[in-house]
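As structure tokens, the structure follows; a few thoughts come after it.
Residue numbers (this note's numbering): 314 to 357.
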């Protein structure tokens, strides 16, 4: 690995991403995050 990285961890998993790829992934996932948020916290 060279340069900057994004390190994401959850439970027993660790992921290392290139910053641009992480940004693209989170942008693609944003609609589903919003749907889940609305189900859990309506109107928030």
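Quick reminder that beta carbons are idealized off the backbone N, C-alpha and C, glycines included.
CA-to-CA distance, residue j to residue i, given in whole angstroms
i: residue 325; j: residue 347; result: 25 Å
i: residue 334; j: residue 355; result: 30 Å
i: residue 345; j: residue 330; result: 20 Å
i: residue 357; j: residue 317; result: 34 Å
i: residue 336; j: residue 343; result: 11 Å
i: residue 327; j: residue 320; result: 7 Å
i: residue 322; j: residue 350; result: 20 Å
Paired residues, beta bridge with residue i - DSSP
i: residue 353; result: DSSP, once it has assigned bridges, lists no residue as partnering residue 353.
Minimum C-alpha distance to residue i - residue among the options
i: residue 315; options: 349, 332, 338 and 336; result: 332
Contact set for residue i: own chain, Cβ-Cβ below 8 Å, skip 5 residues either direction
i: residue 353; result: none
i: residue 338; result: 330
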